[in-house]
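*Asks:*
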Amino acid sequence: MIPRLCFMSDGPRSTAGRPVLDVIEALARGGVELVVLRQPSWTFADWSEAARRLAPARARGLRVLASRRLDVARALELDGVHLGRESVPVRDARDFLGGERLVGYSAHDGIEARRAAAEGANYVMLSPIYETESKPGSAARGCAWLARATAELSIPAFALGGVTAKRVPELVAAGAAGVAAAAALGAAPDPEAAAREFRRALADETGR
-5 MIPRLCFMSD GPRSTAGRPV LDVIEALARG GVELVVLRQP SWTFADWSEA ARRLAPARAR
55 GLRVLASRRL DVARALELDG VHLGRESVPV RDARDFLGGE RLVGYSAHDG IEARRAAAEG
115 ANYVMLSPIY ETESKPGSAA RGCAWLARAT AELSIPAFAL GGVTAKRVPE LVAAGAAGVA
175 AAAALGAAPD PEAAAREFRR ALADETGR
């Protein structure tokens, strides 16, 4: 089953400058089920330490994906990878990692999302739905766009970009199977409490 709540680590901004692994552990306690680690400056030793630290949370159900780093995901037996337009094709990632690991993809419209699904992606990330500081200058797409992009899509879609717990109902109504956030989760004063608020909102709309 694909998770409903995802944290996108995106450098110090997404954690208010706090250590990312500390924040992820708190988010996992609050109910975050999926983490995409965007850490371009990390060495293999950094990734190894992350895998070691997050092993207890993974044993309780947290799934940890490496952004674009197929080598890291396979070598450290992470739960998969998250890809984008400039990454390797989804089909190649699926062949490299096998059928058991998750492959996610950041899509920019319904056509791209359906192509990723056809190539073996488990889910797509659609953004930015609302204005967000993480993508300055990028126009918000809105829920009507989200509804069009998810129409006839055979895999789950996460809504990303300016997402808050209060916006969960309209996002689910527009076709999102789950939501993803960076600063709204990781930079919150209390990340665990923020995750619980998101989970309550999702439970109200999805029943779980």
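Following the numbering used here, the numbering of the sequence shown begins with -5 at its first residue and continues without gaps.
Positions of the beta carbon are idealized from the N, C-alpha and C atoms, including for glycine.
1. Secondary structure at V157, three-state DSSP: helix, strand or coil?
2. Whole alpha helix (DSSP H) runs in the segment 113 to 157 with 4 or more residues, listed along the chain?
3. By a C-beta neighbour count over all protein chains shown, 10 Å radius and 16 as the cutoff for buried, is G172 buried or exposed?
4. What residues in its chain sit with their C-beta under 6 Å from that of H76, if we drop five residues either side in the sequence?
5. Would you call E80 buried or exposed, if buried means 16 or more other Cβ atoms sit within 10 Å of its Cβ?
6. Tell me where the alpha helix (DSSP H) around L196 begins and ends.
7. Nearest to L147 by alpha carbon, out of E94, A197, A111 and L70?
8. Roughly how many whole angstroms lie between the Cα atoms of G78 and V118?
9. Check G74 in the structure and name its three-state DSSP category.
10. Tell me the rounded alpha-carbon separation between P122 and F38.
11. Could you please give me the residues that DSSP links to F1 through a beta bridge?
12. Per DSSP, A101 is paired with what?
13. Can you find the residues in the same chain that come closer than 6 Å, C-beta to C-beta, to S3, ignoring five residues on each side of it along the sequence?
14. Please name the residue, chosen from A53, A133 and A115, that lies closest to D86 on a Cα-to-Cα basis.
15. If you follow the alpha helix (DSSP H) that L59 is in, where does it begin and where does it stop?
16. One question on the structure: do L28 and A45 come within less than 9 Å of each other, judged by their Cβ atoms?
17. Tell me where the alpha helix (DSSP H) around W41 begins and ends.
*Replies:* Well, looking at it:
1. It is coil, neither helix nor strand.
2. DSSP runs (the alpha helix (DSSP H)) wholly in the segment 113 to 157: 136 to 144.
3. Residue environment: G172 is assigned as buried (16 or more neighbouring CB atoms within 10 Å of its CB, all protein chains considered).
4. So the qualifying residues of the chain are V30, L59, S61 and G98.
5. Per the 10 Å Cβ criterion, exposed.
6. Per DSSP, L196 is one residue of the alpha helix (DSSP H) stretching across P185 to T200.
7. Selected option, being the one with the closest Cα: A111.
8. Counting only the Cα atoms, V118 lies some 10 Å from G78.
9. It is a strand residue.
10. Answer to the nearest angstrom: the Cα atoms are 30 Å apart.
11. Secondary-structure assignment with DSSP links F1 through a beta bridge to V29 and A175.
12. BP columns for A101 point to L120.
13. The residues are V14, L31 and R32.
14. Ranking A53, A133 and A115 by Cα distance to D86 puts A115 first.
15. No alpha helix (DSSP H) holds L59; the beta strand (DSSP E) holding it covers R57 to S61.
16. Cβ atoms of L28 and A45: not closer than 9 Å.
17. Note, W41: alpha helix (DSSP H), F38 to A53.
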